[in-house]
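Chemist: In UniProt numbering, the protein residues as written are 1 to 261. Beta carbons: idealized from backbone N, C-alpha and C, even for Gly. Note that this is a predicted model, so its numbers are computed, not measured.
(1) So which of 57, 89 and 79 has the shortest CA-CA distance to residue 65?
(2) Give the DSSP-derived three-state secondary structure of residue 70 in the structure shown.
(3) Which residues bound the beta strand (DSSP E) around residue 207?
(4) Quick one: what's got a C-beta closer than 6 Å to residue 95's C-beta in the same chain, skipping five residues either side?
(5) Please look up how many angstroms separate the CB atoms of residue 223 and residue 240, rounded, as I've assumed it's under 8 Å.
(6) What runs of the beta strand (DSSP E), each 3 residues or longer, lie entirely inside the stretch 124 to 185?
(7) Reducing DSSP to helix, strand and coil, say where residue 21 ends up.
(8) Below 8 Å between beta carbons: does that hold for residue 235 and residue 202?
(9) Using only alpha-carbon positions, find the residue among 219, 244 and 217 that is nearest to residue 230.
(10) Ordered along the chain, which non-local residues of its own chain (more than five positions away) have a Cβ less than 6 Å from that of residue 212?
(11) Report the option in 25, 189, 164 and 187 whose CA atom is closest to the CA atom of residue 178.
(12) When DSSP builds the beta bridges, which residues end up paired with residue 40?
(13) Should the stretch 27 to 46 be called in touch with the stretch 246 to 256, which here means at least 3 C-beta pairs below 8 Å?
(14) Taking residue 221 as part of the beta strand (DSSP E), name the residues at either end of that continuous run.
(15) Could you check what DSSP says for residue 81 in three-state terms: helix, strand or coil?
(16) With DSSP run on the structure shown, which of helix, strand or coil describes residue 108?
(17) Could you spell out where the alpha helix (DSSP H) holding residue 53 opens and where it closes?
(18) Using a Cβ-Cβ cutoff of less than 7 Å, which residues in the same chain neighbour residue 155 once the five nearest sequence positions on both sides are dropped?
(19) Taking the straight line between their C-alpha atoms, what separation do you get for residue 92 and residue 76?
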């Protein structure tokens, strides 16, 4: 089944379009003229929903997935004009497959040099055979909350070192910036007026990396903010927000999820 044959329920499409527009309006109200990238997090949602938002009238480009296999399947099924983001916990074993998806725009959860090196090598293989492909953008994930269960580099030397190695040794990758998920409790307490400690920490890490590596001010973007806290993230300088349930509604259990309907 191709995207041209995929059934889109008109009522569902209208609801998705309305919810996306509301999120965009909320972003625009706080952006102060900045261009904030909205990644619509479509994990565990069918390809039909993604197509409904990618086609006219909304033309949403950026979609985020948490599971490598699900992203690969959707990328095969859906238009190549979609720009995919891998935002889940990154495993070394998935790096090779992910990097060879031509329209994978960004991997947002790189936290070790080993993973960066595999992504770089595999993207190089793609670039040598596919002239339409481009460097793979990445975010270095920083564990700003210090939680053991969270992925990410430790703030400070570890983050700076990984960013330096990516810039110096991974020519097929583009270091787009830094990303954090942060603590859930802090996320729930965040408002446009109430600063989130994780967002403060990520901004400080971007300043540190910029200074230590001699980068131009503003060279590194900040990817922070999700459905519950994206407005607070924008006021703290986020360049990208990842919004899922506010657009798509509650997700099914992983076992019940369908790639397409």
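Modeler: According to the data block:
(1) Stepping through the chain shown from its first residue, residue 65 is reached at position 65. Looking at the Cα atoms, 89 is the closest of the given residues.
(2) On the chain shown, position 70 is the one that residue 70 refers to. Helix.
(3) Looking up residue 207 in the chain shown gives position 207. No beta strand (DSSP E) holds residue 207; the alpha helix (DSSP H) holding it covers 197 to 213.
(4) Position 95 of the chain shown, counting from 1, holds the residue named residue 95. If we look at residue 95 and ignore the five residues flanking it on each side, its Cβ neighbours are 115, 118 and 119.
(5) Position 223 of the chain shown, counting from 1, holds the residue named residue 223. Position 240 of the chain shown, counting from 1, holds the residue named residue 240. Their Cβ separation, rounded to whole angstroms, is 4 Å, which keeps residue 223 and residue 240 in contact under 8 Å.
(6) 136 to 141 and 173 to 179
(7) In the chain shown, residue 21 corresponds to position 21, counting from 1. Looking at residue 21 - three-state DSSP - the assignment turns out to be helix.
(8) Reading the chain shown from its first residue, position 235 is the one you call residue 235. Reading the chain shown from its first residue, position 202 is the one you call residue 202. Result no, Cβ atoms of residue 235 and residue 202 do not sit closer than 8 Å.
(9) As a first step, residue 230 is located in the chain shown; it is residue number 230 there, counting from the start. Among 219, 244 and 217, the Cα nearest to that of residue 230 is on 244.
(10) In the chain shown, the residue the question calls residue 212 occupies position 212. These residues qualify, in order along the chain: 160.
(11) Here residue 178 refers to the residue found at position 178 when the chain shown is read from its first residue. If we check each option's Cα against that of residue 178, 164 comes out closest.
(12) For this step, residue 40 is matched to residue 40 along the chain shown. Answer is 63 and 243.
(13) Contact between the stretch 27 to 46 and the stretch 246 to 256 is present, because at least three Cβ pairs lie under 8 Å.
(14) For this step, residue 221 is matched to residue 221 along the chain shown. 221 to 223 is the extent of the beta strand (DSSP E) around residue 221.
(15) Position 81 of the chain shown holds residue 81. Three-state result, residue 81: coil.
(16) Residue numbering aside, residue 108 sits at position 108 when the chain shown is read from its first letter. Look at residue 108 here: in three-state DSSP terms it is strand.
(17) Counting from 1 along the chain shown, the entry for residue 53 is found at position 53. Where residue 53 is concerned, the enclosing alpha helix (DSSP H) stretches over 47 to 54.
(18) For the purposes of this step, residue 155 is identified with residue 155 of the chain shown, where counting begins at 1. Leaving aside the five residues that flank residue 155 on each side, the residues in its chain whose CB is nearer than 7 Å to its CB run, in chain order, 142, 144, 201 and 205.
(19) Mapped onto the chain shown, residue 92 falls at position 92. Mapped onto the chain shown, residue 76 falls at position 76. When rounded, the distance between both Cα atoms is 22 Å.
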